[in-house]
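Peer 1: Protein chains in written order, with the numbering used here: chain A, 18 to 343; chain B, 289 to 634; chain C, 16 to 349.
Glycine included, C-beta positions come from ideal geometry on N, C-alpha and C.
Below you'll find the structure I mean.
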Amino acid sequence: MIRRLPQWDLTLIALTIAAGAWSAYLSPYYLNIDQIAESTRQFVYPGILALGLAVVVILGEIDISLASTLAFGAVLFSKFSAFGAPLWVATPLVVAACAALGALNGVLVARLGLPSLAVTLGTMGAFRGLAFILGSEMGYTDFNDRYLFVGSEQAFGPVPASFVLFLAVAIGIGALTHWTVFGRRCYAIGLNKEASWAAGIDVARLKTQAYALAGALAGVAALVWIGQYGSARGDNADGAILFVVTAVVLGGVDINGGRGGILGVVLALFLLGTMRNGMGLANVPGPTQTIVLGALLIVGVLRPVIVQGLARVRRLAFSQPAVSSD
Amino acid sequence: MRLESQAPRGDDATRRGLGQLALRFRVSGVVLFLVLLCVAFALLRPAFMTPGNLNAIISNAAILAIVAAAQAVVLITRNLDVSVGSMMGFAAYLTADFAAHHPGVGGALLLMPLLIGGALGAINGLLVAYGQVSPLIATLGTMSIYRGLTYVYAHGQEITSSRLPHWMNELPDMRIAGVPVLVLIAAALVCLLAAFLNFYSLGRRMYAIGSNVSASAFFGLRTKRIVLFAYTLGGVLCGLAGFLYAARVGTVTVVLASGWELTSLAAAVIGGVSVAGGSGNVIGAALGAVVLATIDNGLVLLGIPEFWRMFVQGSAIVLAATADVLIATQVRHSLRARRRLARTWS
Amino acid sequence: MKLHTILLSGAGAILALGLAASGACAKDSGFKIMMTPKWTGFPYFEAAAKGGREAAAELGDQFVYAGADHADVSLQVETLQNFLNQKPDAIELAAIDLNAVAPVLKQARKRGIVVTTFDADAAQDARDMFVNQLSYKQAAKTMLDCALIDAPQGGEIAFVAASPTAPNHMAHIKYMKEYIKDDPKYQVFKVVDTQYAGDDDAKSYDVAVNLMQAHPNLKVIISSSAVSAPAGARAIEASGHVGKVFSTGFALPSAIKSYLKDGSEKCFALWDPQELGYLATYATHLKLAGKLDLKPGTKFTAGKAGEYTVGDNGEIVYGKALMFTKDNVDKFNF
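Written as structure tokens, this is what we have:
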């Protein structure tokens with residue numbers, strides 16, 4: 018089963034290259050370094066959320082409140098900016114506040130034993146409500162330029178600074194999940210919660226930490242958001258969570274926990290990004306894009322079943338040549 | 289944990305206990321919650337308790353109650369369905385479009401949304417049960433596909449109530465003994481479903497699968513077929529709900545019911561249906577819908593700003609889930625204590 | 016053979032003249048104009064696109080219409096970014112969030128792309144012109160006039176908007192409240208509530224029901240959102256409040272025709288979205304061809320849409336409000 022992991026990643030890479038080729042065919046504007054680099058911007062904030070979500074999913078839980086935490090973080094940033102606080106003061110405080118929200122999810126799930134889908138369904142509304150209450154009606158737009166740097170500027174040539182940030186976060190989270198004790202324990206809990214507990218792992222504490230991490234990353238994503246869109250309002254990123262979940266599951270992370278890796282999630286984001294970018298440049302209507310992405314999700318996950326089915330057919334066809342087919 | 293409900297037959301003391309009843313029907317949490325809400329609102333604004341207002345609440349909740357019940361049916365088998373909104377939209381739009389082009393079509397029109405919903409639900413079921421796709425992924429994908437297909441079919445048009453058959457527009461407004469027909473339909477459906485799930489073997493098998501799939505398979509249950517059935521049933525209910533939605537609101541757009549997947553999930557959760565499967569009841573899910581409608585109504589009545597509504601609703605979901613788990617734990621402990629006591633005396 | 020040569024040389028001469036002419040003065044046709052709505056699939060925006068296509072065809076421009084299938088800020092920005100990369104001459108949009116689209120629009124303007132907003136404005140320094148269907152004051156007045164037709168003696172009224180963050184709806188409400196306070200004609204009204212329905216049918220319906228319960232003496236529900244007004248009318252019918260409570264505001268004539276016909280409602284308002292799209296595209300073309308100066312007070316003719324004057328801050332007000340009543344609703348087919 019673990020062997021399936023690299024195979025899925027390879028499939029994602031192959032699909033991304035195919036998607037790139039198809040996009041180039043669809044639109045003459047696609048194959049352009051500047052364009053492709055710029056297009057990565059669209060997927061940085063959902064990507065950072067997806068990285069946080071992946072850790073939670075590996076644990077065997079889920080968190081659909083992350084987009085709301087982002088909105089809360091964005092509004093909190095706006096308060097700091099209005100106050101005139103420098104970015105290096107605001108960022109750790111906002112990230113900490115978002116981590117606290119995440120930890121709240123963690124406590125409810127890990128210590129009170131509530132089902133994570135139900136809890137985060139509730140906190141999704143509650144956190145966004147908090148963002149609305151904290152923020153103003155019109156939204157805040159008068160950001161100090163420093164705050165906008167990450168989301169809007171470019172770092173190396175045409176590569177956006179936010180994309181560099183995303184890669185850094187991805188490498189960090191990847192290292193965390195694959196090379197640290199924390200990460201290994203997350204996988205263990207995801208595979209078998211009871212056995213892990215019996216083995217002496219503090220399941221509740223780890224889960225709380227993972228949720229807090231996801232919350233903190235949502236705060237980082239909020240920083241990218243305000244730079245990219247220059248606005249902080251209660252309805253920021255409303256509805257983004259479905260795309261984030263899609264990226265995580267398409268990346269091969271098993272929704273029941275214990276399997277999958279960060280590399281898969283990053284590759285899935287590239288695949289989704291390439292497809293959306295290509296279709297967008299060719300002005301493919303929104304609904305058609307939605308259908309294609311939905312189909313991609315299902316076909317992608319059905320692949321092993323299809324492969325198995327084909328293998329079975331092949332076996333049947335070759336094993337009994339004397340028997341007449343009916 | 290769920291073995292508690294199968295207490296040894298001869299154990300009268302435990303069977304008679306209120307705790308046993310509560311655990312069986314799992315509605316105690318949401319009923320308590322609803323009562324508390326109503327009392328709170330009534331104290332703050334006596335106008336809340338008028339028959340007209342209460343009527344308004346259950347009318348608003350009716351359609352959501354059906355969809356919440358559909359979601360509950362799937363949840364009980366330890367699966368979920370986030371494509372309910374898209375199924376409603378697809379069924380509603382196609383039916384409305386057909387009706388608009390064939391004026392004079394009678395009650396047979398009702399078959400269309402049921403069949404369409406059932407077909408869509410069946411596709412979901414096939415993907416999950418036979419395709420071995422995780423329910424979240426499968427229904428996330430079909431959610432997009434069904435909504436996208438609705439768009440492609442609609443070509444940017446919406447269907448207005450004037451093009452719908454007269455009887456369809458009249459239906460939700462009719463009242464029997466002062467209660468809107470819509471509410472009666474929803475209540476009847478939910479009661480039938482509850483009876484089916486509790487007293488028919490197929491219904492009980494759905495609970496069994498939700499509790500423990502592998503054990504059920506070993507026991508000889510055809511798990512795949514039953515899951516397929518659950519999804520199809522859910523789809524049929526969504527088709528009906530979509531039709532009623534169109535009849536009620538009048539204008540049928542492509543984005544009909546988008547967002548209802550999360551709302552129906554919220555209603556089911558508030559109603560005590562466990563997302564881990566195997567417990568909960570459609571009646572609870574329907575009451576969860578009533579809770580949401582009550583909150584909405586109460587907030588308007590009290591003049592609370594829109595900003596707070598989302599916060600209150602989200603907190604309500606968390607509180608309901610907490611209350612439900614706390615009650616269930618308490619009940620379990622009391623049952624275990626009583627059993628231990630009974631055993632020491634035997 | 017002789018005829019052949021004459022014809023060929025004639026054609027060649029015309030071609031040469033044409034080439035010379037186009038080389039001599041600036042390009043005045045064949046522009047690439049791209050339009051994106053708040054979301055596709057909504058008849059209102061589809062009608063605007065139709066108008067835009069009409070204008071482009073008339074003027075010899077290329078017209079592309081694309082967008083996401085639901086109102087999502089980041090998707091709209093993504094669409095605009097994709098537009099940018101297709102190197103159009105102009106971009107038209109109805110902005111979901113006036114600030115979120117500002118960065119990408121400013122980038123477009125830096126590249127010399129003309130940016131026009133219609134229906135919903137973006138930040139002023141991010142676009143060249145804003146084709147406003149009605150000035151906010153005019154919109155407010157029109158809705159109040161409709162309310163007067165519904166309830167000439169006045170009474171309690173409530174507002175329904177999409178969300179507290181929708182700038183046009185909030186502006187409507189602000190001016191309506193001002194008119195009610197200052198203008199004797201409208202002082203018969205008393206505002207008792209403001210609710211939000213997120214441009215969602217079912218929510219609008221439920222909100223209307225709850226409003227009628229919360230305010231037993233409510234006379235009129237005024238909806239800025241074209242989704243909420245018909246839903247409100249439906250709710251009134253269903254709950255048996257016909258004649259006691261009225262729903263009005265902006266709505267597509269096709270959506271409220273039946274209520275006007277059966278007498279449960281008396282008046283709704285809107286404007287012609289097709290002509291709005293036509294005007295926006297026409298004005299954009301004129302700007303591209305260098306024939307439109309956006310200084311306040313400039314007058315120009317936009318084909319069959321008529322004559323218009325540029326206002327302050329690049330705002331062009333379309334200004335043709337339509338009030339639908341039982342007598343005239345059949346004239347409209349959108």
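So which of B:Pro401, B:Thr632 and B:Met376 has the shortest CA-CA distance to serine 432 (chain B)?
Peer 2: Along the second sequence, read from residue 1 onward, the residue named residue 432 (chain B) stands at position 144. Serine 432 (chain B) has its Cα closest to that of B:Met376, out of B:Pro401, B:Thr632 and B:Met376.
Peer 1: Exposed or buried, which one is cysteine 161 (chain C) when buried takes at least 16 other CB atoms within 10 Å?
Peer 2: The residue labelled residue 161 (chain C) in the question sits at position 146 within the third sequence. When all chains shown are included, cysteine 161 (chain C) counts as buried.
Peer 1: Can you check whether the C-beta of asparagine 161 (chain A) is within less than 8 Å of a C-beta belonging to chain C?
Peer 2: Translated into positions along the first sequence, residue 161 (chain A) becomes position 144. Answer no: the Cβ-Cβ gap between asparagine 161 (chain A) and chain C never drops below 8 Å.
Peer 1: What three-state label does DSSP hand tyrosine 157 (chain A) in the structure shown?
Peer 2: In the first sequence, counting from the first residue as 1, residue 157 (chain A) sits at position 140. Tyrosine 157 (chain A): strand per DSSP, three-state reduction.
Peer 1: Residues of chain A with a CB under 7 Å from the CB of glycine 82 (chain C): which are they?
Peer 2: Indexing the third sequence from 1 puts residue 82 (chain C) at position 67. Near glycine 82 (chain C) (Cβ distances below 7 Å), the residues of chain A are Gly303.
Peer 1: Got a sec: is the Cβ-Cβ distance from glutamate 549 (chain B) to anything in chain C below 8 Å?
Peer 2: For this step, residue 549 (chain B) is matched to residue 261 along the second sequence. False, the Cβ-Cβ gap to chain C never drops below 8 Å.
Peer 1: Looking at chain B, which residues of the stretch 258 to 282 of chain A have a Cβ within less than 9 Å of any of its Cβ atoms?
Peer 2: Within the stretch 258 to 282 of chain A, the qualifying residues are Leu259, Val262, Thr263, Val266, Leu267, Asp271, Ile272 and Asn273.
Peer 1: Looking at the secondary structure, which residues open and close the alpha helix (DSSP H) in which asparagine 412 (chain B) lies?
Peer 2: Here residue 412 (chain B) is taken as the residue at index 124 of the second sequence, counted from 1. Run containing asparagine 412 (chain B): 399 to 413, per the alpha helix (DSSP H) assignment.
Peer 1: With 8 Å as the threshold, decide whether the Cβ of leucine 472 (chain B) is near any Cβ in chain C.
Peer 2: Locating residue 472 (chain B) in the second sequence gives position 184, counting from the first residue. No, leucine 472 (chain B) lies away from the interface with chain C (no Cβ there is under 8 Å from its Cβ).
Peer 1: For the stretch 355 to 370 of chain B, list every residue whose C-beta sits within 9 Å of some C-beta in chain C, in sequence order.
Peer 2: Hits within the stretch: zero.
Peer 1: Can you pull the chain C residues whose beta carbon is under 8 Å from the beta carbon of alanine 344 (chain B), in chain order?
Peer 2: Against the second sequence, residue 344 (chain B) aligns to sequence position 56. Val224, Asn225, Met227, Gln228 and Ser254, listed in chain order.
Peer 1: Applying a beta-carbon distance threshold of less than 8 Å, which residues of chain C neighbour glutamine 59 (chain A)?
Peer 2: Within the first sequence, numbered from 1, the residue matching residue 59 (chain A) stands at position 42. By Cβ distance, chain C contributes Ser89, Val92, Glu93 and Gln96.
Peer 1: With distances taken Cα to Cα, identify the nearest neighbour of serine 269 (chain C) among B:Tyr381, B:Leu325, B:Asn341 and B:Leu452.
Peer 2: Translated into the one-based positions of the third sequence, residue 269 (chain C) becomes position 254. Answer by Cα proximity: B:Leu452.
Peer 1: With distances taken between CB atoms, is the gap from valine 416 (chain B) to leucine 575 (chain B) smaller than 8 Å?
Peer 2: What you label residue 416 (chain B) is simply residue 128 of the second sequence in a count that begins at 1. What you label residue 575 (chain B) is simply residue 287 of the second sequence in a count that begins at 1. For valine 416 (chain B) and leucine 575 (chain B), no; Cβs fall outside 8 Å.
Peer 1: Mapping DSSP to helix, strand and coil, what is arginine 463 (chain B)?
Peer 2: The residue labelled residue 463 (chain B) in the question sits at position 175 within the second sequence. Reduced to three states, the DSSP call for arginine 463 (chain B) is strand.
Peer 1: Relative to the alpha-carbon of alanine 616 (chain B), which residue among A:Leu129, A:Ile30 and A:Leu27 has its alpha-carbon at the smallest distance?
Peer 2: The residue given as residue 616 (chain B) occupies position 328 in the second sequence. Among A:Leu129, A:Ile30 and A:Leu27, the Cα nearest to that of alanine 616 (chain B) is on A:Leu129.
Peer 1: Is it a yes or a no for the stretch 235 to 248 of chain A touching the stretch 79 to 97 of chain A, going by three-plus beta-carbon pairs under 8 Å?
Peer 2: Yes, they touch.
Peer 1: For the stretch 279 to 313 of chain A, list the alpha helix (DSSP H) runs that are entirely contained and at least 4 residues long, ordered along the chain.
Peer 2: You should have 279 to 298.
Peer 1: Comparing the CB of glycine 101 (chain A) with every heavy atom of the ligand NAP, is any distance shorter than 7 Å?
Peer 2: By its list of ligands, the structure shown contains no ligand whatsoever, and the ligand NAP lies outside what it can speak to.
Peer 1: I want to know whether the stretch 98 to 118 of chain C touches the stretch 31 to 47 of chain A - three or more CB-CB distances under 8 Å.
Peer 2: In short, these stretches touch, since the Cβ pair count reaches three.
Peer 1: Indicate whether glycine 406 (chain B) and valine 524 (chain B) have their beta-carbon atoms separated by less than 8 Å.
Peer 2: As a position in the second sequence, residue 406 (chain B) is number 118, starting the count at 1. As a position in the second sequence, residue 524 (chain B) is number 236, starting the count at 1. Yes, Cβ-Cβ distance for glycine 406 (chain B) and valine 524 (chain B) is below 8 Å.
Peer 1: With a 10 Å radius around its C-beta and 16 neighbouring C-beta atoms as the bar for buried, classify glutamine 24 (chain A) as buried or exposed.
Peer 2: One-based indexing of the first sequence puts residue 24 (chain A) at position 7. Glutamine 24 (chain A) is exposed by the Cβ-count criterion.
Peer 1: Buried or exposed for alanine 72 (chain C), going by 16 or more other Cβ atoms inside 10 Å?
Peer 2: Start at 1 with the first residue of the third sequence, and residue 72 (chain C) comes out as number 57. With fewer than 16 Cβ atoms within 10 Å of its Cβ, alanine 72 (chain C) is classed as exposed.
Peer 1: Threshold first: 3 residues or longer. Then list the beta strand (DSSP E) segments lying entirely within the stretch 38 to 91 of chain C, N to C.
Peer 2: Correct list: 47 to 51 and 77 to 80.
Peer 1: According to the Cβ coordinates, are threonine 430 (chain B) and glycine 303 (chain A) closer than 8 Å?
Peer 2: Indexing the second sequence from 1 puts residue 430 (chain B) at position 142. Indexing the first sequence from 1 puts residue 303 (chain A) at position 286. No, the Cβ-Cβ distance between threonine 430 (chain B) and glycine 303 (chain A) is not below 8 Å.
Peer 1: Any residues in the stretch 394 to 423 of chain B with a beta carbon nearer than 9 Å to a beta carbon of chain A? Which ones, in chain order?
Peer 2: Taking 9 Å as the Cβ-Cβ cut-off against chain A, the residues of the stretch 394 to 423 of chain B that qualify are Leu415, Tyr418, Gly419, Gln420, Val421, Ser422 and Pro423.
Peer 1: Does any residue of chain A have a CB that is nearer than 8 Å to the CB of threonine 55 (chain C)?
Peer 2: Numbered from its first residue, the third sequence carries residue 55 (chain C) at position 40. Taking Cβ atoms only, chain A reaches closer than 8 Å to threonine 55 (chain C), which makes this a yes.
Peer 1: DSSP three-state label for leucine 267 (chain C), please.
Peer 2: Here residue 267 (chain C) refers to the residue found at position 252 when the third sequence is read from its first residue. Coil, per DSSP.
Peer 1: Short check: CB of methionine 400 (chain B) to CB of leucine 382 (chain B), under 8 Å?
Peer 2: Locating residue 400 (chain B) in the second sequence gives position 112, counting from the first residue. Locating residue 382 (chain B) in the second sequence gives position 94, counting from the first residue. Result yes, Cβ atoms of methionine 400 (chain B) and leucine 382 (chain B) sit closer than 8 Å.
Peer 1: Could you check whether the Cβ of histidine 85 (chain C) sits closer than 8 Å to any Cβ belonging to chain B?
Peer 2: Taking the first residue of the third sequence as position 1, residue 85 (chain C) is located at position 70. Histidine 85 (chain C) counts as touching chain B.
Peer 1: Secondary structure at proline 182 (chain C), three-state DSSP: helix, strand or coil?
Peer 2: For this step, residue 182 (chain C) is matched to residue 167 along the third sequence. Looking at proline 182 (chain C) - three-state DSSP - the assignment turns out to be helix.
Peer 1: Could you pull out every residue in the same chain whose Cβ sits closer than 7 Å to the Cβ of glutamine 168 (chain C), ignoring the five residues on either side in sequence?
Peer 2: The sequence position of residue 168 (chain C) within the third sequence is 153, counting from 1. Cβ neighbours of glutamine 168 (chain C) beyond the five flanking positions: Val203.
Peer 1: From glycine 64 (chain A) to serine 248 (chain A), what does the alpha carbon distance come to, in whole angstroms?
Peer 2: By 1-based counting over the first sequence, the position of residue 64 (chain A) is 47. By 1-based counting over the first sequence, the position of residue 248 (chain A) is 231. Glycine 64 (chain A) and serine 248 (chain A): Cα-Cα distance of roughly 19 Å.
Peer 1: Does chain C have any CB closer than 8 Å to the CB of valine 542 (chain B)?
Peer 2: For the purposes of this step, residue 542 (chain B) is taken as the residue at position 254 of the second sequence. At least one chain C Cβ lies under 8 Å of valine 542 (chain B).
Peer 1: Chain B partners of tyrosine 297 (chain C), CB-CB under 8 Å?
Peer 2: As a working note, residue 297 (chain C) is residue 282 in the third sequence. Residues of chain B passing the Cβ test: none, with the nearest at roughly 22 Å.
Peer 1: Lysine 196 (chain C) to phenylalanine 260 (chain A), Cα distance in whole Å?
Peer 2: Mapped onto the third sequence, residue 196 (chain C) falls at position 181. Mapped onto the first sequence, residue 260 (chain A) falls at position 243. Going from the Cα of lysine 196 (chain C) to the Cα of phenylalanine 260 (chain A) covers about 47 Å.
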